[in-house]
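Every position in the sequence shown, counted from 1, becomes a number in the working numbering once 64 is added.
In this text, a Cβ means the ideal position worked out from N, Cα and C, and glycines have one as well.
Computed from a predicted model, the values in this text were never measured in an experiment.
Step one of this worksheet: look at the structure below.
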Amino acid sequence: MLLIHCPYCDETLPEVEFTYAGEAHIARPENPSEMSDDAWQQFLFMRDNVKGDHFERWRHLHGCGRFFNAVRNTVTDKFLTTYKAGAPRPDLAALKEGQK
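Structure representation (structure tokens):
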């Protein structure tokens with residue numbers, strides 16, 4: 065079972081408390097009505113399939129209900145960090161250096 069830290073509640077809880085909400089830091093197009101069907105399809109459905117450290121969005125569904133971001137390694141399933149939505153991406157090199 066994965067343990068996930070909610071940066072809003074400041075609690076580390078089992079995965080069943082949370083729901084995965086896709087790739088993090090995806091900016092919605094400013095004028096979606098002006099996009100071609102192919103461009104809209106790319107935005108809606110095409111995401112990176114990263115092997116390794118991946119920026120993800122999660123929601124604390126059975127707690128505060130808020131969305132937050134996380135860095136999780138898709139190979140080991142280990143969370144490197146979680147951080148509040150709207151915060152900039154953390155520096156991966158610094159995160160990995162801090163784990164040594």
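Among the residues of its own chain, which have a CB less than 6 Å from the CB of residue i, if the five just before and after it don't count?
i    : result
R111 : E87
Can you list, in chain order, the residues of its chain whose CB lies under 7 Å from that of residue i, leaving out five sequence neighbours each side?
i   : result
P93 : M99, F107
M65 : P78, E79
H89 : F119, R153
According to DSSP, what are the bridge partners of residue i?
i    : result
F107 : Partner(s): none; F107 has no beta bridge.
E143 : According to the sequence as given, residue 143 is Phe; it is not Glu. Bridge partners of F143: R136.
L67  : P78
Y72  : BP columns for Y72 are empty, so no partner.
K148 : F132
Kindly indicate which three-state DSSP category residue i falls into: helix, strand or coil?
i    : result
G86  : strand
P96  : helix
D101 : helix
A158 : helix
Residues in its own chain within less than 8 Å of residue i by CB, not counting five upstream and five downstream?
i    : result
W122 : I68, F82, T83, Y84, A85, F131, F132, N133, A134, T146
V114 : T138
C128 : C70, Y72, C73
D141 : L66
**Prompt:** At what residue ranges does the region 110-138 contain a whole run of the beta strand (DSSP E), taking only runs of 3 or more?
**Reply:** 117-123, 131-137
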